[in-house]
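Asks:
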Amino acid sequence: MALYMVCLNLPPEECCKSENMFLAGIIPGPNEPSKEEINQFFMPLVDNLLESYTNGVFYSHTWKYPSGRKTRSVIALFICDLPAAHQALGFTGHQSTNFCSYCKLQLNDIDNLNVGRWVSHTCKEHREVALKWHNAESEAQHDIITKKHGVHYSEFLSLPYVNPIQSLCVDSMHAFFLRILLYHCQEIWGMDIGTNDGDGTSSDPVSPEIKLSPDFQRAFLMLCTGTLQALQKFKKWTLTNLAKDQGLWVKA
Amino acid sequence: MLSLRWASGLCWFETLAHHFEKPLFSPDVQPVLAAVYILVAVMHTVAELSLRDCRQLLVSLCFLVNLMIEDVHSSNSQSKFLAKSIPLDACTIIKRLDLNPSHKVFVTCPECYACYLDRGPDSYPELCTSKCSPTQQICGHHLHKAHTALGHQYYCPISHFFYHDFHEWLGQMLCRPGMEDMMDHDQSPSSDGVMEDIWDAPGLYEIPGADDHPFICNCVENEGRYIFSFNMDGFNPFQLKQAG
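Read top to bottom, the protein sequences are chains A and B. Heads up: the first sequence runs through residues 1008 to 1259, numbered per my numbering. Heads up: the second sequence runs through residues 341 to 584, numbered per my numbering.
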């Protein structure tokens, strides 16, 4: 796992050249550190950055200023894929109950597309909960806090200016070149130019948990490829959901 | 890299004089030797030739220089000195040209990833002493393992983490010609509301500074204010293989 930084002051054509990027370190494998274990590797970097932010660093001699100059540096953005960004900023994984780093929507409500009902996380609240996690005395307390709020402590919160809610970005490599956006639109939302699926204000009649259940999957497969007799052997509940999913009206 | 804190305790102080030294311009370095240094350094750092292959290259170059000296029958002492002054280890060249970045080495626990600063064989514990929370038991995993070579047993850490010093890296950037001109130009958000660059985003101008002013401001003359993005991603050094 590589930790690196890009200077945004440089023009776009220069900032991502390997000679202008800062490789802070490479976390040894073969496995990746889980959740908060990664904080150990952030510590030396955060110490450097905190010093650079609060007091500044004076360089004795630079190319343009032979008599020296002072500099200050900050991290403004965390540009990673979702698992790495969540881990770096102290959020639980993108598949956990509190899956979102922007709002408090829970996994069982993931189909809620009403933006007005999404309650935003705030930086202050996130920092308070993370500090509570940091000061907790046992592993059990850690688990309770993480389960309830979807937050654990991150070393980057020692930097007073870091806003974990606003500074998280998904990188363009994963979003566009590795086609996450394409996958999300086509596979997860089922968007297709050939499908007459309305204006996007309605959602599936059957929740994803039911659709992903083994019984439902088997029944769906049987509907597509099997016989009527075999289909009749499924439970009424499964068949009702299958019918709803196919857009049939089911009498209560 | 010499780093020391100012006596007043105000800010970190880094000396960068060594970045302006010119090791190949000293009178005892002959042009042929300088060419060998540059060739081997480029092959190692840019063309990624391993240190072992660099050694082979150096031996070949040394042989070539010897042949050249014999050919021109120049058996004076200066030519003999030249042939002898070509190092056979690329590490000597890397060290003399000061190409290695300044770094801190940490010994890491393979179980819980706790880091211990490595200052030598006895500078870190034999067993990991970390615990996630005050009431939890200590990890206790072995941090080093035994190796036997030429009949001697010695211990070396199981896993290492190398941290590249940020202050030193930034200093090195500022010593390169033209970098400060590119990094110090005035930034301002777009006035017409069309965003074409990351500097058109208002978020960057809202970062608070340590001195009650916004971080991005021209309030302190000649002070470099730099904004970075942090990136992190897993990768497989063995490419798409199960082994990695």
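Every residue, glycine too, gets a C-beta built ideally from N, C-alpha and C.
If we ignore side chains and look at the alpha-carbon of each, how far apart do I538 of chain B and P529 of chain B end up?
Replies: Taking the first residue of the second sequence as position 1, residue 538 of chain B is located at position 198. Taking the first residue of the second sequence as position 1, residue 529 of chain B is located at position 189. The straight-line gap from Cα to Cα measures roughly 9 Å.
Asks: Any beta carbon from chain B within less than 8 Å of D1150 of chain A's own beta carbon?
Replies: Indexing the first sequence from 1 puts residue 1150 of chain A at position 143. For D1150 of chain A, the answer is no, since every Cβ of chain B falls outside 8 Å of its Cβ.
Asks: Measure how close the beta-carbons of A1095 of chain A and F1085 of chain A come, nearest whole angstrom, since I'm counting them as under 8 Å.
Replies: Taking the first sequence and counting its residues from 1, the one referred to as residue 1095 of chain A is at position 88. Taking the first sequence and counting its residues from 1, the one referred to as residue 1085 of chain A is at position 78. Right, their Cβ atoms sit about 6 Å apart.
Asks: Quick check on this structure: which residue in A:M1180, A:W1244, A:F1227 has the alpha carbon closest to the alpha carbon of D573 of chain B?
Replies: On the second sequence, position 233 is the one that residue 573 of chain B refers to. Closest by C-alpha distance to D573 of chain B, out of A:M1180, A:W1244, A:F1227, is A:M1180.
Asks: Quick one, which of A:Q1236, A:K1251, A:T1232 has its alpha-carbon nearest I1217 of chain A's?
Replies: Here the question's residue 1217 of chain A lines up with position 210 in the first sequence. Among A:Q1236, A:K1251, A:T1232, the Cα nearest to that of I1217 of chain A is on A:K1251.
Asks: Just how far apart, CA to CA, sit K435 of chain B and G511 of chain B?
Replies: In the second sequence, counting from the first residue as 1, residue 435 of chain B sits at position 95. In the second sequence, counting from the first residue as 1, residue 511 of chain B sits at position 171. Computed Cα separation, rounded: 19 Å.
Asks: Of all Cβ atoms in chain B, is any one closer than 8 Å to the Cβ of N1105 of chain A?
Replies: Counting from one through the first sequence, the residue named residue 1105 of chain A turns up at place 98. False, the Cβ-Cβ gap to chain B never drops below 8 Å.
Asks: Following the continuous alpha helix (DSSP H) through R1134 of chain A, name the residue where it begins and the one where it ends.
Replies: The count along the first sequence starts at 1 and reaches residue 1134 of chain A at position 127. 1130 to 1142 is the span of the alpha helix (DSSP H), which, as asked, contains R1134 of chain A.
Asks: If you scan the segment 1061 to 1110 of chain A from start to end, which runs of the alpha helix (DSSP H) of 4 or more residues do you find wholly inside it?
Replies: Runs of the alpha helix (DSSP H) inside the segment 1061 to 1110 of chain A: 1089 to 1096.
Asks: Can you tell me the Cα-Cα spacing of G480 of chain B and P465 of chain B, whole angstroms?
Replies: Counting from one through the second sequence, the residue named residue 480 of chain B turns up at place 140. Counting from one through the second sequence, the residue named residue 465 of chain B turns up at place 125. In this model, G480 of chain B and P465 of chain B are separated by some 10 Å (Cα to Cα).
Asks: Identify, in the order they occur along the chain, each residue of the same chain with its Cβ nearer than 6 Å to the Cβ of M1012 of chain A, setting aside the five sequence neighbours on each side.
Replies: On the first sequence, residue 1012 of chain A is found 5 positions in, with the first residue counted as 1. Excluding positions up to five away in sequence, the list reads F1029.
Asks: I'd like to check one pair, L373 of chain B with L422 of chain B: are the Cβ atoms closer than 8 Å?
Replies: As a position in the second sequence, residue 422 of chain B is number 82, starting the count at 1. As a position in the second sequence, residue 373 of chain B is number 33, starting the count at 1. Yes, these two residues count as a Cβ contact at 8 Å.
Asks: Alpha carbon to alpha carbon, how far is F353 of chain B from S343 of chain B? Give it in angstroms, no decimals.
Replies: On the second sequence, residue 343 of chain B is found 3 positions in, with the first residue counted as 1. On the second sequence, residue 353 of chain B is found 13 positions in, with the first residue counted as 1. Residue placement at S343 of chain B is flagged as unreliable, the pLDDT there being 42, under the threshold of 50; the coordinate-derived value follows with that caveat. Rounded to whole angstroms, S343 of chain B to F353 of chain B spans 6 Å at the Cα level.
Asks: Regarding S1103 of chain A and the ligand MG, is the C-beta to nearest heavy atom distance less than 7 Å?
Replies: This structure lacks the ligand MG, and indeed carries no ligand of any kind.
Asks: Would C1192 of chain A be called buried (16 or more neighbouring beta carbons within 10 Å of its own) or exposed?
Replies: Position 185 of the first sequence holds residue 1192 of chain A. The residue in question, C1192 of chain A, is exposed, as its Cβ has fewer than 16 Cβ neighbours within 10 Å.
Asks: Under the three-state reduction of DSSP, which class applies to K424 of chain B: helix, strand or coil?
Replies: Mapped onto the second sequence, residue 424 of chain B falls at position 84. Of the three classes helix, strand and coil, the one that applies to K424 of chain B here is helix, per DSSP.
Asks: Kindly list the residues whose CB is nearer than 8 Å to the CB of A486 of chain B, restricted to its own chain and excluding five residues on each side of it in sequence; keep chain order.
Replies: Within the second sequence, the letter at position 146 stands for residue 486 of chain B. The answer, listed in chain order, is Q493, Y494, Y495.
Asks: Residues of chain B with CB under 8 Å from V1013 of chain A, in chain order?
Replies: Sequence index remark: in the first sequence, residue 1013 of chain A carries index 6 (1-based). Per Cβ cutoff of 8 Å: F568, S569, N571.
Asks: The alpha helix (DSSP H) that contains V382 of chain B, what's its start and end?
Replies: Here the question's residue 382 of chain B lines up with position 42 in the second sequence. Taken as a continuous stretch (DSSP letters only), the alpha helix (DSSP H) holding V382 of chain B covers 371 to 385.
Asks: F1163 of chain A: which of A:R1134, A:L1015, A:G1233 sits nearest, CA to CA?
Replies: Counting from one through the first sequence, the residue named residue 1163 of chain A turns up at place 156. Checking every option, the nearest Cα to that of F1163 of chain A belongs to A:R1134.
Asks: Please list the terminal residues of the continuous alpha helix (DSSP H) segment that includes G511 of chain B.
Replies: Numbered from its first residue, the second sequence carries residue 511 of chain B at position 171. Its alpha helix (DSSP H) spans residues 506 to 514.
Asks: Helix, strand or coil, according to DSSP, for F1241 of chain A in the structure here?
Replies: Along the first sequence, read from residue 1 onward, the residue named residue 1241 of chain A stands at position 234. Coil at F1241 of chain A, not helix or strand.
Asks: Going along the chain, which residues of its own chain have a beta-carbon closer than 7 Å to the beta-carbon of F502 of chain B, five neighbours each way excluded?
Replies: For the purposes of this step, residue 502 of chain B is taken as residue 162 along the second sequence, with counting starting at 1. These residues qualify, in order along the chain: H443, V445.
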